[in-house]
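In what follows, a single structure is set out as C-alpha cells and then discussed.
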Amino acid sequence: MTSEEKTRVDFNAPQSLVERADRAANLLDISRTQLLIDALQDELAELTNNDEFRSRLKQAYYDGRADYQTIEDLLGTEAAMRLKLLRDSIDRAPPEPVLDDELPSDNEFYDGEVETWSDSDESDT
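Okay, so the sequence shown: first residue is 1 according to UniProt numbering, each after it adds one.
Shown next, in the form of C-alpha cells:
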C-alpha cells in the first residue's frame, strides 16, 4: 500500500460482525483496521469488474452524475479516457457542409448529359 494521506472513518457495525473481524484479524496477525482496508479494496476491485456496476457507472458519467476523476479512480485511466472521448463525440453536433458558391448544374456536375436509370427488365421487352 502506498503512503498516502489517511482519513479517519467512524461507522457503526453489528457487534457480531466486529467480533468476527477481530477474530480473523487476530488469526492473520493484522489489525482490524488493516483487515477492513483489505476487505474494502477487495470489494471495490470485485465491484469494478461487475458488468452491471460498470454500466451504471458509465450511465452516471454520461448523465453528469459522476465526474472524470471518479471514473478514472474506479475503472482506470484507459477506460475513463474512452468514456470521455465517447461522451465528447456524442455531445458534439455534426458539422454542416457549407458551400461557398451555388450548386453546379447537372451538366456541370456530370460533365455532360445525365444518364437516366431504367430497370433492365423493362428494356428487354
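Note that beta-carbon positions come from the ideal geometry of N, C-alpha and C, so glycine has one too.
- Distance from the Cα of Leu17 is smallest, within the candidate group Leu27, Leu36, Arg8, for Leu36.
- Collapsing the DSSP output to three states places Glu4 in coil.
- Judged by DSSP in its simplified three-state form, Thr116 adopts coil rather than helix or strand.
- Judged by beta-carbon spacing, Leu75 lies within the 8 angstroms limit of Arg54, meaning their Cβ atoms are closer than that value.
- In the three-state DSSP reduction, Arg82 falls in the helix class (H, G or I).
- By a beta-carbon distance limit of 8 angstroms, Arg32 contacts Asp22. Their separation comes to about 6 angstroms.
- Contact annotation, Ala80 with Ile71: C-beta distance approximately 4 angstroms; criterion of less than 8 angstroms satisfied.
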